[in-house]
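Down below is the structure, laid out as structure tokens.
Numbering (the working numbering), first residue to last: 18 to 107.
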């Protein structure tokens, strides 16, 4: 299941997201949200997704630049864009 990405102009994109506590981050609800954000980011495809982009006004982002995303780039492009594989980070 993937989440809907909001469009430019959505008010949630202009708000400052609320910080999460350590307990909230460890909660099943936020862990499930992280997995859904990961699926959504990969489906987009993208290398990062912030919670406001899916309509959630919280400070949470997922990042991953998979090696397969880099396979079609030349060495010059990789150097120019400073692209290297980045493992998944919630």
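All residues carry an ideal CB built from backbone N, CA and C; glycine is no exception.
Counting C-beta pairs with one atom in each stretch, the segment 51 to 63 and the segment 28 to 38 have fewer than three that are closer than 8 Å, which means they do not touch. Where residue 78 is concerned, the enclosing beta strand (DSSP E) starts and stops at 78 to 82. For residue 69, there is no enclosing beta strand (DSSP E), as DSSP marks it with neither H nor E. Residue pairing by DSSP places residue 35 opposite 75 in a beta bridge.
Residue 69 is classed as buried because its beta carbon has at least 16 other beta carbons within 10 Å across all chains shown. When only Cα atoms are considered, residue 99 and residue 74 end up about 30 Å apart. Under the three-state reduction of DSSP output, residue 23 falls in the coil class, being neither helix nor strand. Bridge partners of residue 103 according to DSSP: 82.
Note on residue 66: 16 or more other CB atoms within 10 angstroms of its CB, so buried under the neighbour-count rule.
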